[in-house]
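Numbering-wise, the working numbering comes out as the position in the sequence shown, counting from 1, plus 461. For reference, the structure discussed in these notes is given below.
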Amino acid sequence: MRRYSAFAIAREAARHHLGWERAWRSPTPKARYDVIIVGAGGHGLATAYYLGKNHGIRNVAVIEKGWLGGGNTGRNTTIIRSNYLQDPSAAIYEKARSLYETLSQELNYNIMFSPRGVMMLAQTEHEIRGYRRTAHANALQGVTTEFIGPAKVKELCPIINVKGPRYPVLGALWQARAGTARHDAVAWGYARACSDMGMDIIQQTEVTGVRREGGKVTGVDTTKGFIGCSRLGIVVAGHSGVMAERAGFRLPIESVALQALVSEPIKPVMDVVVMANTVHGYMSQSDKGEMVIGGGADGYNNYTQRGSFHHVEETVRALVETFPIISRLKMLRWWGGIVDMTGDRSPIISKTPVDGIFVNCGWGTGGFKAIPGSGWAMAELMAKGHSPLADDFSLDRFREGRFIDESVAAGVAH
Ligand code: FAD
Ligand code: PYC
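So, in structure tokens, the structure goes:
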């Protein structure tokens, strides 16, 4: 497993600030672009990057109401895996995971991809059946996973209490080349590459309206004035419903807060990622030594972008049972993001009822891992009108009943 010292991380942060002046001082928008992407999260920036790199479309602006990666991209717990059940999901998540393997080299920016392995614990008979089924499906899809027993779980993660009082560990779905990456470095790396291709990344600028003529997009109204475009990509995660309304259509999406917290840093105790979905908690150790802990999504729609206390209590209680060693750790920071959820817990990468407008959303609690694959597919869709990776994720599926049910693989209760 690759580890990074605090010095290496600090050096990356310093490089980021030094190398970033151009993008950070948002450029003055041009009057017109071929493509505008709304949202400088990972998915929006990756879309812009692959538009330039794979399709030669470089007259592109990415418009962001806050700062680069300041939405869910910079707030997530960085788990990357592709152990999904349904074929279209496995295809796009595995494409993303494989692109992550070499993304640091491709962007010449260290995104700290660490394929340390992810295990999803089976703590009921039902979960054993479910994860065995996923392992078989993954074998057919070309995704390398395996179902392992409790002894192997303990060997890979000695701090787990496999004989927990409520739910003993009965096994796990293990993906050895899954892992983590530094989340904001993913946004920074893509953004720098976009900027190097001559694209404009316009921060602190909210898109407040979408102009259309004869059923076709003509541009966007922003807090810095009108900006024209021929094609528009809406990639705003928790605000997808709001932006769709501004563009004149509706999306089958709900927004809720999802939260996470980290502990004080400690010496290395855990070099894999563990997700315990029955008791509901997941944990990994960051390169700085903090235990990174994720909780569940709020049970009601909201845009609060912060945690709610009952979830922390529930999550920490579950994790103390699973990892008794953390019982006396102090927690340092606690935050939330706004995630966008579809009924089948699968994303939307699609044309919309407005000619020239495309939407990428609905990644819910699990879109960080998808960023490179999603950007690849969205760029292809916007450039060519169709992408094999995106076809199944079109908006039509809700009208036609072609759901891609991933409620279990989502990994987080919601
Ligand atoms: P975002 O990063 O949210 O970017 C959207 C951007 O659009 C924002 O920056 C926002 O400011 C901007 N925007 C919105 N409206 C406008 C407007 N009108 N004008 C201009 N800009 C606008 N996924 C995983 O795969 N693994 C995990 O371990 C994981 N853990 C998570 C833990 C938490 C606590 C949370 C909140 C999420 C987690 N996720 C995880 C999910 C993942 O973070 C998201 O699916 C992913 O980051 C979405 O990326 P994005 O680029 O679509 O959205
Ligand atoms: O999708 O793997 C995931 C995940 C973990 C935590 C939140 N989402």
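Cβ coordinates follow ideal geometry from the N, Cα and C atoms, glycine included.
Query: For a minimum of 4 consecutive residues, which ranges assigned as the alpha helix (DSSP H) are wholly contained in the segment 478 to 559?; Result: 482 to 485, 503 to 516
Query: Give me, in chain order, the residues of the same chain whose beta-carbon lies closer than 6 Å to that of G676; leave out the 5 immediate sequence neighbours on both sides.; Result: D816
Query: Does the beta-carbon of E482 have 16 or more other beta-carbons within 10 angstroms, so that it is buried, or is it exposed?; Result: Caution applies to E482, whose pLDDT of 44 falls short of 50 and renders its modelled position unreliable; the model cannot decide the point.
Query: Rounded to a whole number of angstroms, what is the C-alpha to C-alpha distance between M720 and R794?; Result: The displayed chain sequence assigns Gln, not Met, to residue 720. Whole-angstrom Cα-Cα distance: 11 Å.
Query: State the beta-bridge partners of L634 as determined by DSSP.; Result: M581, F608
Query: Based on the DSSP output, what are the partners of Q821 in its beta bridges?; Result: The displayed chain sequence assigns Asn, not Gln, to residue 821. Bridge partners of N821: I810.
Query: State buried or exposed for H644, treating a residue as buried only when at least 16 other CB atoms are found within 10 Å of its CB.; Result: buried
Query: How do the segment 571 to 585 and the segment 659 to 668 stand: do at least 3 beta-carbon pairs fall below 8 Å, yes or no?; Result: no
Query: Using a Cβ-Cβ cut-off of 8 Å, state whether D816 counts as contacting chain D.; Result: Going by chain labels, chain D is absent from the structure shown, which holds only one protein chain.
Query: With DSSP as the reference, identify every bridge partner of G694, one or two as the case may be.; Result: I498, F819
Query: With respect to 7 Å, is the separation between the Cβ of G755 and the closest non-hydrogen atom of the ligand PYC below this value?; Result: yes
Query: Within 10 Å of its beta-carbon, does P490 have 16 or more other beta-carbons around it, so buried, or fewer, so exposed?; Result: buried
Query: Determine whether the beta carbon atoms of T683 and I524 lie at a separation below 8 Å.; Result: yes
Query: Output the boundary residues of the beta strand (DSSP E) element that contains Q720.; Result: 715 to 726
Query: Considering only residues of the same chain and omitting the five flanking positions on each side of Q602, which have a CB-CB separation below 8 Å?; Result: D548, A551, A552, E555
Query: With respect to the alpha helix (DSSP H) encompassing G836, which residues constitute its N-terminal and C-terminal limits?; Result: 832 to 845
Query: Ordered along the chain, which non-local residues of its own chain (more than five positions away) have a Cβ less than 6 Å from that of W436?; Result: Because the chain here runs from 462 to 875, residue 436 falls outside it and cannot be looked at.
Query: Take the Cβ of Y764 as the centre, count every other Cβ of all protein chains shown within 10 Å, and call the residue buried at 16 or more, exposed below.; Result: exposed
Query: State yes or no: is the C-beta of I540 nearer than 7 Å to some heavy atom of the ligand PYC?; Result: yes
Query: Check Q566 in the structure and name its three-state DSSP category.; Result: helix
Query: Of the choices F819, R778, F864, whose alpha-carbon is the least far from that of G626?; Result: In the sequence as displayed, the identity of residue 626 is Pro instead of Gly. Ranking F819, R778, F864 by Cα distance to P626 puts R778 first.
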